[in-house]
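What follows is a single structure, written as structure tokens, with notes after it.
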Amino acid sequence: MNKKEENEKGGVKGWIDGDETAHYMLRRISALRSTLLVPPLHRVPLRLGNVIEIFGPSPSAKTQILIQVAINCVLPKEWNGVRYGGFDHSVLFLDLDCRFDISRFSQMLTHRIMEGNAIGDCDKTLYDLCMQRFLYARCSNSFEFLQTLKSLHYRLKREKDHGVSVQLLLIDSIGAFHWVDRASMFLSLKEHNRKKLFLQSVSEAVVQDIKKLLQVHPMLVIATKSVIFGNTYSTASEEVNGCSRNVTRSPQHIQYREYMPSVWQSFVTHRILLRRSDDQPVINNSENSSLYVLEWLLPRIGLPDKIIVKDNGVFVDS
Amino acid sequence: MAPLKSMEKEYPLIDSHFQSFCASHAIFSLEDFLLYDLHSLIASADNHSSSITFKQGIDQLLSVIDTQLPPLMNGLQLLEDAECNKRLLPTGFKGIDALLGGGLRAGQLTELVGPSSSGKTQACLTSASTVAKNGGSVIYFDTGNSFSPQHIAHLVGQTSGYVIGNQAEPGPLQKVMERIICYSVFDIYQMFDVLQQLKINLKSKIVEPDRRVQLLIVDSISSLITPILGGSGPQGHALMISAGYLLKKLADEHNIAVLVTNHMVAGEGGTSKPALGESWKSVPHIRLLLSREYGSNVCNVSTLKHPSVVCLRHALWFVFGKKKGLKLSFYC
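Line by line, the protein sequences are chains A and B. With the numbering used here as the guide, the letters of the first sequence map in order to residues 49 to 366. With the numbering used here as the guide, the letters of the second sequence map in order to residues 5 to 336.
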């Protein structure tokens, strides 16, 4: 009896004392999942398991940013004495728009390798290594997308056995099948009433599959989303607090209608708006470039970044 | 996708016992299986007496799904495929070729946007004649009765000096003209019909390399889609997007270059914008804007969207005149 009482007492005390301190827990977790700074999205530190949505009206440089992030991921930290500062992991690109151009990826990768190299030529072994780390799949409807997601677990496991681990999942245009799914008359052979729309079922299945995938293979997910409804302008002059410069033009707040189902909206942890800049870039002698404005909406950072897209890459213009 | 019943013969693990277990979760076909949450299915299988056979059945379904998909490609394989199969097709229009970096690329959907009489049909006919002359087959979807065989014969004859042979012995001009197949389509369902038939033909036939279809032109796709857009339902937009995916899939699998034309509508503030709306913007790979001043001979082309070209570029060239000149200027 006494021993049982003692056990109970120890149990209650132990329960009050807790398992570990907050400091210890923070240390443990940050060792498991360290934060990443991913240029050109480096304003906000990211972790594996985050889901970032980049949206903006076409043409904005959404796919270009995905390519730049992919290149940063496949490059090693250091190669032949040159620091590239990459994450040294593989990338999986799911092309739902079916518009990806591999020659642009190859061009940007070659430029990046040549920049780092003292001689200025492209190291073939490094180039081949990086290209092989870029994995690609394309889907032309929602069912193919679900098929790919369901079979990804086994495919990624096979790749892992070969020593290749995927750290980045890029989805080009998550809303690509929106109209087709909305109009879909797919009826399963159920007898009773269908409670959910097909669009809803597909989105739930997609989010479930990605969540399960992230549990086994922790990855950073970046998805682009295009605007499919025309925008409504609402001009609002912004009060610029604490800024010494005078703002000559009142920036227009453009509202874009959200069309993804709420299950996807609550799955997304970070949101970025990307649009073409009104300013014209300074025309250099030999370089072609375009300017875009990148704005973090979730977490809300008041200062937008200027993104410059050149032949050799996508950079933040400071 | 097949219902589970039909898979029983080929995969004995999917027997009637497993099928009734799936039916209890309202899964009757592979599509239902894709929409269902896998983990709850496995958890429910655990509760049954024959859980091992059920789990084997689930694994069997997953492997069927896996085999239906193409394998993951890596960057090197993609690049190799792009270099070997996805060739550039010159259009014959120096201005457009300069902007495209050599010509229309096989596997990509190129869109020409412009107001009426800006040279879109001219560009389509010239591309058709150039590709046919270089040995490839062309499929031309004509939606507005603007296809003119005389004009094509004139274009071919102009640059290569072919003349029409007599009935007994078809001359080289005849051979070139035979390579261009023109379909008159007046609504989008007709176009879907023809495209599906084309898909079946391309999959089954093995054609010699010089008679392969290299170019598919739809002049103009906006006149097929605009009548069905509008209204409160999503069907119009869904048809438009499906047409885009079908064209891109044909382009990619059979290494065909697809060229479509679009017209302009009024936008905000009195400017014009391309028709077909926001959703269409993400369908073509490359978008080019054509314009021509009224009464002038000079045609203006600029890039609206290109996967590799970083800034907008302009090209000017003279058409309809005797002299064909080219002036390139870059605007960013």
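All residues carry an ideal CB built from backbone N, CA and C; glycine is no exception.
Limits of the unbroken beta strand (DSSP E) element including B:Gly-240: Unbroken run through B:Gly-240 is the alpha helix (DSSP H), 239-258; no beta strand (DSSP E).
Segment contact flag, the stretch 278-290 of chain B with the stretch 110-119 of chain B, C-beta cutoff 8 Å, min 3 pairs: yes
Entirely enclosed alpha helix (DSSP H) segments - the stretch 200-271 of chain A, minimum 4 residues: 226-230 and 246-264
Neighbourhood of A:His-265 by C-beta, 7 Å cutoff - its chain only, sequence neighbours within 5 removed: Leu-204 and Val-214
C-alpha distance - B:Tyr-40 paired with A:Ala-253, whole-angstrom precision: 7 Å
Burial state of A:Arg-147, where buried means 16 or more other Cβ atoms lie within 10 Å: buried
Closer than 8 Å to chain A by CB, B:Glu-282: yes
Cβ of B:Ile-69 within 8 Å of any chain A Cβ: yes
Check whether A:Ile-219 and A:Leu-321 have beta carbons under 8 Å apart: no
Per-residue DSSP class, three states only, for B:Ala-30: coil
Burial state of B:Pro-16, where buried means 16 or more other Cβ atoms lie within 10 Å: exposed
Contact the stretch 125-141 of chain B vs the stretch 92-104 of chain B: 3+ CB pairs below 8 Å: yes
Rounded C-alpha distance that separates A:Arg-186 from A:Leu-142: 6 Å
Beta carbon proximity, A:Val-269 to chain B, threshold 8 Å: no
8 Å CB neighbourhood of A:Ile-115 in its chain, flanking five on each side removed: Arg-152, Phe-153, Met-156 and Val-362
Chain A within 8 Å of B:Ser-133, Cβ atoms only: no
Rounded straight-line distance, which links the Cα of A:Gly-133 to that of A:Arg-75: 24 Å
Three-way DSSP call (helix, strand, coil) for B:Val-180 in this model: helix
Cut-off 6 Å between Cβ atoms - residues of its own chain near B:Lys-252, not counting five sequence neighbours on either side: Leu-113
Spatial distance of B:Ser-306 from A:Thr-158 (CA atoms): 27 Å
Own chain partners of A:His-137 with C-beta closer than 8 Å, once the 5 adjacent residues on each side are dropped: Cys-121, Val-122, Arg-181, Ser-213, Val-214, Gln-215 and Leu-216
Cutoff 8 Å: A:Arg-293 Cβ touching any chain B Cβ: With a pLDDT of 37 at A:Arg-293, under the threshold of 50, the modelled position of that residue is not reliable, and no figure is offered here.
CB of A:Pro-309 within 8 Å of CB of A:Gln-248, strictly: yes
Cβ contact (3+ pairs, closer than 8 Å) linking the stretch 240-254 of chain B and the stretch 67-81 of chain B: no
Pairwise C-alpha distance: A:Phe-225 and B:Phe-145: 26 Å
Within-8 Å CB hit, B:Lys-59 to chain A: no
DSSP bridge partner residues for B:Pro-7 (one or two, in chain order): B:Ser-33
Residues that A:Ser-188 contacts on chain B, provided the C-beta gap is smaller than 8 Å: Tyr-249, Lys-252 and Lys-253
Residues that B:Asn-266 bridges to, as DSSP identifies them: B:Val-117
Nearest candidate by alpha-carbon position, reference A:Arg-323, set A:Tyr-340, A:Pro-93, A:Trp-312 and A:Ile-77: A:Tyr-340
Collapsed DSSP secondary structure at A:Leu-177 in the structure displayed: helix
Cutoff 6 Å; reference B:Gln-23; Cβ partners in own chain excluding five residues on either side: Leu-8
Beta carbon of B:Lys-285 nearer than 8 Å to that of A:Ser-106: yes
A:Gln-155 CB to nearest heavy atom of the ligand SAH below 7 Å: In the structure on display, the ligand SAH does not appear, and there are no ligands present to speak of.
Cβ neighbours of A:Val-117 in the same chain (closer than 6 Å, five flanking residues each side left out): Val-86
Continuous beta strand (DSSP E) stretch holding B:Lys-209: start and end: From DSSP, B:Lys-209 is part of no beta strand (DSSP E); its letter is neither H nor E.
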